[in-house]
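Quick mapping for you: the protein sequence lines, in order, are chains A and B.
Counting in my numbering, the first sequence runs from 1 upward without gaps.
Counting in my numbering, the second sequence runs from 228 upward without gaps.
Backbone N, C-alpha and C define an ideal beta-carbon position, used for all residues, glycine too.
As the structure is a computational prediction, the values presented were derived from the model and not from experiment.
Protein chains: 2
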Amino acid sequence: MQNSHPPTAPSERTRVRRVPKRADYEPGVIHAILDEALVCHVGFVVDEQPFVIPTIHLRQGNELFIHGSAASRMILHAAAGARLCVTVTLVDGVVLARSQFHHSLNYRSVVVLGQARLVVDQAEKRQVFASLVERFSPGRSAAVRAPNELELKATSLLALPIDEASAKTRTGGPIDDEADLAWPVWAGVIPLRIAALAPEVAEPLAPGTTAPELGRPFGGARSVEGG
Amino acid sequence: MQNSHPPTAPSERTRVRRVPKRADYEPGVIHAILDEALVCHVGFVVDEQPFVIPTIHLRQGNELFIHGSAASRMILHAAAGARLCVTVTLVDGVVLARSQFHHSLNYRSVVVLGQARLVVDQAEKRQVFASLVERFSPGRSAAVRAPNELELKATSLLALPIDEASAKTRTGGPIDDEADLAWPVWAGVIPLRIAALAPEVAEPLAPGTTAPELGRPFGGARSVEGG
């Protein structure tokens, strides 16, 4: 579970304090977790009250893009330079130990701190919005109608640099106390995965079309029976 | 998608502003979403910087319990009366529309604002820790070793009242512009679900034991082939 390289945090406030051996500050690790997560949770502060709002994101290079209605409180605050904390969490499994205390979840999470810039360049907005669709379904952005001027204007786009970021992961089985190993109970991990169910068509179905394969965030998904 | 009852927010700051028709303030709806979520994201503020930390939770009655190392920053701040925002998000499906703009996710989310109390009663701590294990695997808390004094002391427990809370949900297919309905592309929803894979045993396996069924948070889970 120990990472193979010595972790060094990009800043004191991104240094993982609890169980530091689970920390990782490698951009490759951080990017991969961000890319796999379907949603992120954006934290911001209004009048000393924290708010945490879920939203879709896109990681591109060393930036994390989030978008929303130009009128949304989160967007307005972030665009005005509010300090943000964006967190993503992937739950990989349930860890069933031989004591209540050692029960846990396997997970991979990333925390990004910083201030976002408002993307004003229309070409950049178009490219990122297309990539957001590509993320969920490769090839789809060109197959659907592109945004019109009104839609572009109604949607604000923010870019948060992934400079102050840390990852934290737990993998593997339960870490039981030696004295508990003979406890007469099953112990181990039940891995979890996001699965895609049978597609539900939105009528009218265009002739000759079929439901697309989902993209990278669903790379681990298996289709299972709906119900 | 419109809820059948007029939504009334418990406070101005929990009122859902964006797309208010997706809001719900019914305790039953809020509790069900909290119960199904595997993790929550806890937002708190330190020196004007928001932090968002994922953790396991338990909803019991009208309280949301979160726990952690007694030394964790999140716990220390929350126990000292810090304002919190706890958010859970369930991603239910990918909404593939006929325009980039109308792509979306189906989801159910809950936001709870408030201040937590530190649970100091040992019996209450024991009960909640047992219920946290029950939540993942019914019947298991009594089958494993209960917490000892050291473990109880090392783990702090917080209870957040679910008084200032709101739910927000999106369900159903894409809401395409009328003019786009004939676009030659598949449109609809690909539902998502958390699936449990084949259990991984932690040796030494106690004789005659088998991997348990997972509990309520995994109520929708289907077992699929691992790999």
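Going by DSSP, A165(A) is part of the beta strand (DSSP E) stretching over E164 to R170. Around the Cβ of K380(B), a 10 Å sphere holds fewer than 16 other Cβ atoms; the residue is exposed. Closer than 8 Å to the CB of I30(A) there is not a single CB belonging to chain B. Against chain B, the CB of I194(A) has a partner CB under 8 Å away; the residue lies at that interface. CA-CA distance, L291(B) to I389(B), rounds to 7 Å.
For the region 119 to 135 of chain A, the set of residues with a beta-carbon nearer than 7 Å to any beta-carbon of chain B comprises F129, A130 and V133, in chain order.
For I190(A), a Cβ of chain B is located within less than 8 Å of the residue's own Cβ. Looking at T241(B), V273(B) and S358(B), the one whose alpha-carbon comes closest to that of A370(B) is S358(B).
Taking 8 Å as the threshold, the shortest C-beta distance from E391(B) to chain A does not fall below it. Where I257(B) is concerned, the enclosing alpha helix (DSSP H) starts and stops at P254 to E263. For D35(A), no CB of chain B lies under 8 Å from its own CB, so it is not counted at the interface with that chain. By the Cβ rule, the region 91 to 100 of chain A does not count as touching the region 42 to 55 of chain A, because fewer than three pairs are nearer than 8 Å. Taking the Cα positions, I194(A) is about 21 Å away from T210(A). If you compare the alpha carbons of A429(B), A423(B) and T316(B) with that of D92(A), the shortest gap goes to A423(B). In the DSSP assignment, I53(A) falls within the beta strand (DSSP E) that extends over Q49 to T55. In this structure, A392(B) keeps its C-beta atom at 8 Å or more from the C-beta atom of V346(B). Around the beta-carbon of N375(B), fewer than 16 other beta-carbon atoms lie within 10 Å, marking it exposed. A306(B) and A343(B) have their alpha carbons spaced roughly 7 Å apart.
When rounded, the separation of the alpha-carbon atoms in A429(B) and A250(B) is 43 Å. For the pair E213(A) and A236(B), the Cα-to-Cα distance works out to about 39 Å.
Separation of G172(A) and G341(B) (C-alpha to C-alpha, rounded to the nearest whole angstrom) is 35 Å. Taking a C-beta distance under 8 Å as the contact criterion, R59(A) and D35(A) qualify as a contact pair. Here G139(A) is exposed: its Cβ has fewer than 16 other Cβ atoms, across all protein chains shown, within 10 Å.
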